[in-house]
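**Q** Each residue of the sequence shown is one higher than the one before, counting from 1 in the UniProt record's numbering.
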Amino acid sequence: MDGDGEARRPLLSEPASADERSVISHPPVGTEEHDVEQQEDMDPGDPQHFSDRAPWLRAAVLGANDGLVSVSSIMLGVGAGSSDRHTLLLSGLSALVAGALSMAVGEYISVSSQRDSETADVETEREEQARGPAARRRELEELVKIYVDRGLEEELARKVAIAFTKRDPIRTHARDELGIDVDELANPLQAALASLGSFVVGAGIPLLAAAFSNDQRIRLACVLIASTAALLLFGAVGAWLGGAKRIRAALRVLVGGWLAMGITAGTGRLFGEDPA
Ligand SMILES: [Zn+2]
1 MDGDGEARRP LLSEPASADE RSVISHPPVG TEEHDVEQQE DMDPGDPQHF SDRAPWLRAA
61 VLGANDGLVS VSSIMLGVGA GSSDRHTLLL SGLSALVAGA LSMAVGEYIS VSSQRDSETA
121 DVETEREEQA RGPAARRREL EELVKIYVDR GLEEELARKV AIAFTKRDPI RTHARDELGI
181 DVDELANPLQ AALASLGSFV VGAGIPLLAA AFSNDQRIRL ACVLIASTAA LLLFGAVGAW
241 LGGAKRIRAA LRVLVGGWLA MGITAGTGRL FGEDPA
């Protein structure tokens, strides 16, 4: 079995850049404590330690950002092409509902298939163990090689492999060969609900901002200002959770959001019937 330890994704499959995954996914045995010690020497308040424990929170911030950008863009696009208040709010509300449901369904499908393939991988290990002494020897050699690759001497690697195999071969192969923690398989329903909830939080911001004014221009300005503030906030919080530079990340999120809003507003103005 050629498993890839890095392939396991966190509970919410939203954040998936390579460097994020290397931070979130299971580090090789022994390196975690070492890193923590090093960080404490350098800076006791380093937030990177915190990021290991909060991948779901980062995913929630990204989901909220999705809701914010898509709904505020749609509202600015509709607002640029129509001056009707009801149309604006209705389109914002529809975008909120549609986006939240589509995120939830997408997350459910993605996490379910991830879970299915993890379960199938573990099942294959179970079959190997049941196949007989020759297969079990092959599996043991596989483990020895994994530990040697991670830096143990051959003799020690063999001792470790034998000890773990005696205790629980399937759990050991799942963890060290496949990078799967059999006690923490991702839950599709939980992931879907988290996705839905975070999208609604972000999407609610422009919708609320537009709800309290009678003038279309002020309404759109409120959407833009509230969205700008929220983009900066989400960018900074996301960076803080990931231990990245806050200002640069916040500006990146802001520019991305503005691009989406600007292009959608331009499209609305181009195709609108009675531009505001
Ligand atoms: Zn195996």
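Beta carbons: idealized from backbone N, C-alpha and C, even for Gly.
In the DSSP assignment, find the unbroken alpha helix (DSSP H) run with residue 281 in it and report its ends.
**A** Summary: the structure shown does not reach residue 281, with the chain confined to residues 1 through 276, and so no result is reported for it.
**Q** Less than 7 Å between the CB of E128 and some heavy atom of ligand 1, yes or no?
**A** In the sequence shown, the residue the question calls residue 128 occupies position 128. E128 Cβ: within cutoff of ligand 1.
**Q** From the DSSP output, in three-state form, read off A186 for me.
**A** Stepping through the sequence shown from its first residue, residue 186 is reached at position 186. Here A186 sits in coil by DSSP.
**Q** In this structure, how does DSSP classify L231 when only helix, strand and coil are distinguished?
**A** For the purposes of this step, residue 231 is identified with residue 231 of the sequence shown, where counting begins at 1. It is helical.
**Q** Is it true that the region 100-110 meets the region 178-196, where meeting means three or more beta-carbon pairs spaced less than 8 Å apart?
**A** Verdict: yes, contact present.
**Q** Give every residue of the same chain whose Cβ lies closer than 6 Å to the Cβ of A230, excluding the five residues on either side of it in the sequence, and list them in chain order.
**A** For this step, residue 230 is matched to residue 230 along the sequence shown. Excluding residues within five positions, the ones whose Cβ falls inside 6 Å are L68, I205.
**Q** Determine the burial state of H173: buried for a count of at least 16 other Cβ atoms within 10 Å of its Cβ, exposed for fewer.
**A** Looking up residue 173 in the sequence shown gives position 173. It is buried - the Cβ of H173 has at least 16 other Cβ atoms within 10 Å.
**Q** Using DSSP with H/G/I as helix, E/B as strand and the rest coil, what is A220?
**A** Reading the sequence shown from its first residue, position 220 is the one you call residue 220. The sequence shown places Leu at residue 220, rather than the Ala named in the question. Helix at L220.
**Q** Should G77 be labelled buried (16 or more other beta-carbon atoms within 10 Å of its own) or exposed?
**A** Taking the first residue of the sequence shown as 1, we reach residue 77 at position 77. By the neighbour-count rule (16 or more Cβ atoms within 10 Å), G77 is buried.
**Q** On the three-state DSSP scale, how would you describe E153?
**A** One-based indexing of the sequence shown puts residue 153 at position 153. In this structure, E153 counts as coil in the three-state DSSP scheme.
**Q** Following a CB-centred definition, is E142 positioned closer than 7 Å to any heavy atom of ligand 1?
**A** Against the sequence shown, residue 142 aligns to sequence position 142. Because some heavy atom of ligand 1 lies under 7 Å away, the Cβ of E142 counts as near it: yes.
**Q** Put K245 into one of helix, strand or coil per three-state DSSP.
**A** For the purposes of this step, residue 245 is identified with residue 245 of the sequence shown, where counting begins at 1. K245: coil per DSSP, three-state reduction.
**Q** Is the beta carbon of E118 less than 8 Å from the beta carbon of E142?
**A** Here the question's residue 118 lines up with position 118 in the sequence shown. Here the question's residue 142 lines up with position 142 in the sequence shown. No.
**Q** Under three-state DSSP, which class holds N214?
**A** Here residue 214 corresponds to residue number 214 of the sequence shown, with the count starting at 1. N214: coil per DSSP, three-state reduction.
**Q** Would you check if the distance between the CB atom of L207 and the CB atom of L93 is smaller than 8 Å?
**A** The count along the sequence shown starts at 1 and reaches residue 207 at position 207. The count along the sequence shown starts at 1 and reaches residue 93 at position 93. Yes, the Cβ-Cβ distance between L207 and L93 is below 8 Å.
**Q** Considering Cα atoms alone, identify which of I74, S113, S83 is closest to L96.
**A** Translated into positions along the sequence shown, residue 96 becomes position 96. Nearest of I74, S113, S83 to L96, Cα basis: I74.
**Q** Check E127 in the structure and name its three-state DSSP category.
**A** As a position in the sequence shown, residue 127 is number 127, starting the count at 1. E127: helix per DSSP, three-state reduction.
**Q** Is it the case that the Cβ atoms of A186 and V111 are separated by a distance below 8 Å?
**A** Translated into the one-based positions of the sequence shown, residue 186 becomes position 186. Translated into the one-based positions of the sequence shown, residue 111 becomes position 111. Yes, they are a contact pair.
**Q** Using only the alpha-carbon positions, how far apart do T267 and V255 sit?
**A** If you number the sequence shown from 1, residue 267 lands on position 267. If you number the sequence shown from 1, residue 255 lands on position 255. Roughly 18 Å between the two C-alpha positions.
**Q** Check the C-beta distance from R85 over to Q216 and give it rounded, since I have them as a contact under 8 Å.
**A** Locating residue 85 in the sequence shown gives position 85, counting from the first residue. Locating residue 216 in the sequence shown gives position 216, counting from the first residue. Rounded, the Cβ-Cβ distance is 7 Å, consistent with contact.
**Q** Taking only three categories from DSSP, how would you classify I180?
**A** Within the sequence shown, the letter at position 180 stands for residue 180. If DSSP states are grouped into helix, strand and coil, I180 belongs with coil.
**Q** Below 7 Å CB to CB, which residues in the same chain sit around residue 280 once its five sequence neighbours on both sides are set aside?
**A** Given that the chain is displayed from residue 1 to residue 276, the structure contains no residue 280 and the question cannot be resolved.
**Q** Taking 7 Å as the cut-off, does the CB of E177 come closer than this to any heavy atom belonging to ligand 1?
**A** Within the sequence shown, residue 177 is the residue found at index 177, counting from 1. Correct: E177 has its Cβ closer than 7 Å to ligand 1.
**Q** Check each candidate in P55, R252, I225, A221 and name the one with the smallest Cα separation from A236.
**A** Start at 1 with the first residue of the sequence shown, and residue 236 comes out as number 236. For the residues P55, R252, I225, A221, the minimum Cα distance to A236 belongs to R252.
**Q** Can you name the start and end residues of the alpha helix (DSSP H) that residue 278 belongs to?
**A** No answer is possible for residue 278: it lies beyond the span of the chain, which begins at 1 and ends at 276.
**Q** In whole angstroms, what is the alpha-carbon distance linking A134 and Q114?
**A** Indexing the sequence shown from 1 puts residue 134 at position 134. Indexing the sequence shown from 1 puts residue 114 at position 114. One C-alpha to the other measures close to 30 Å.
**Q** With distance defined between alpha-carbon atoms, name the residue in A192, A80, L224, W240 nearest to W258.
**A** Working through the sequence shown from its first residue, we reach residue 258 at position 258. The candidate whose alpha carbon is nearest that of W258 is L224.
**Q** Here's the rule: buried if 16 or more other CB atoms are within 10 angstroms of the residue's CB, otherwise exposed. What is T87?
**A** Locating residue 87 in the sequence shown gives position 87, counting from the first residue. Answer is exposed; the Cβ neighbour count stays below 16.
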